[in-house]
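J.: Take 515 as the starting number for the sequence shown in the numbering used here and just add one per residue.
Okay, handing you the structure first.
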Amino acid sequence: MLIATWNVNSIRTRLSQILDWIDQVNPDILCLQETKVVDDSFPSEPFKKLGYSVEVYGQKSYNGVAIISKIKAKNVKKGFCGSEESGHNIETFLDQKRLISADINGIKIINVYVPNGSSVDSDKFEYKINWLSCLASFLDEQEKKGELVCLMGDFNIAPSNLDIHDPKKYEGGIMATEIERNALNNVLKGRLIDSFRIFEKNTGHWSWWDYRNKAYEYNKGWRIDHIYISKELSSKLKSCVIDSLPRSNLRPSDHAPVMINLNLNDIDEDFFDDEDNIFEI
């Protein structure tokens, strides 16, 4: 099963590029971030014509997440639903549409667009850290239920200096602080692993290049888009790659798709016996 994540930076602007990429890659599940449209305005029909079901959680002009899947999603949740007893004020995060989750093929798919945080001394940074704390509690709930998890999206955090083209230049800056990395590690808690780092231990691999200063042309990027999977799934993982080619498109997103290939032949075989989970193409 091919599972991908892509911050498309506007579904309307990038729709044709996304459809072309789907035609070339044929993902089973595609999680999108920064769709930037309300749910009723999401262009679902082109995806449905390709045989995908569509689940969206969006808002006008900002944020927005979506799950595009060949297998119809079950138990779709929007936002931190189910985390009301975590001690966090869930209402604080309702105005920003940044998380959607669903059960697909025996796996809890969690698609996130983590706040950027703006600058370390800003209220937006505090919001980011609080949001990540709530995400950690959300993952705690999945762990209690014994869920197999695939957590993916734009995290706006470089997990280590290996994930920044010039770590000395950006040391202590947004997306590279120890506070953010500790908050991310608190989400993962050793229960989820970085799919990409199973296969690639070195630096020089990026998923985001700033539009400014010809960052893509000079390959000055960051790896801030990630796919984290439950340890129990690691033996099923065949590959994890960053497809940087779409970043060279005319009017591209500043992010590249990241995708994993999982061998799920022996996971939840009874799932496919349930007619509710079959999406007719």
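Note that beta-carbon positions come from the ideal geometry of N, C-alpha and C, so glycine has one too.
All of these numbers come straight from a predicted model, not from anything done at the bench.
Starting from THR691 and walking both ways along the alpha helix (DSSP H), at which residues does that stretch end?
T.: Looking at the DSSP string, THR691 is not in any alpha helix (DSSP H), and its letter there is neither H nor E.
J.: Does the beta-carbon of PHE713 have 16 or more other beta-carbons within 10 angstroms, so that it is buried, or is it exposed?
T.: Burial call: exposed.
J.: Among ASN727, ARG726, VAL539 and ILE517, whose alpha-carbon lies nearest the alpha-carbon of LEU759?
T.: It is VAL539.
J.: Can you name, in chain order, every residue of its own chain whose Cβ lies under 7 Å from the Cβ of ILE678, other than the five neighbours on each side?
T.: Result list for ILE678: ALA672, TYR684, ALA690 and TRP736, in chain order.
J.: Just verifying my parser: in three-state terms, what is the DSSP assignment at LYS592?
T.: Of the three classes helix, strand and coil, the one that applies to LYS592 here is strand, per DSSP.
J.: My output table needs one value for ASP668: the three-state DSSP class, helix, strand or coil.
T.: Correct three-state label for ASP668: strand.
J.: Is it buried or exposed, SER744, if we count other Cβ atoms within 10 angstroms and call 16 or more buried?
T.: By the neighbour-count rule (16 or more Cβ atoms within 10 Å), SER744 is buried.
J.: Do three or more CB pairs link the segment 547 to 561 to the segment 521 to 531 at distances below 8 Å?
T.: Flag = yes, the segment 547 to 561 and the segment 521 to 531 touch.
J.: Are ILE624 and LEU665 closer than 7 Å when you measure CB to CB?
T.: Yes, they are a contact pair.
J.: Select from ILE738, GLU605 and SER583 the residue whose C-alpha is nearest the C-alpha of PRO560.
T.: The shortest Cα separation from PRO560 among ILE738, GLU605 and SER583 belongs to SER583.
J.: So is ASP668 buried or exposed if we call it buried at 16+ other beta carbons inside 10 Å?
T.: ASP668 comes out buried.
J.: Quick one: grab the DSSP three-state call for LYS622.
T.: In this structure, LYS622 counts as strand in the three-state DSSP scheme.
J.: If you drop the 5 nearest sequence neighbours on each side, which residues of the same chain put their C-beta closer than 7 Å to that of SER558?
T.: Same-chain partners within the cutoff: VAL568.
J.: Can you tell me whether VAL522 is helix, strand or coil according to DSSP?
T.: VAL522 falls in the coil class under three-state DSSP.
J.: Per DSSP, which one or two residues make a beta bridge with HIS602?
T.: DSSP, once it has assigned bridges, lists no residue as partnering HIS602.
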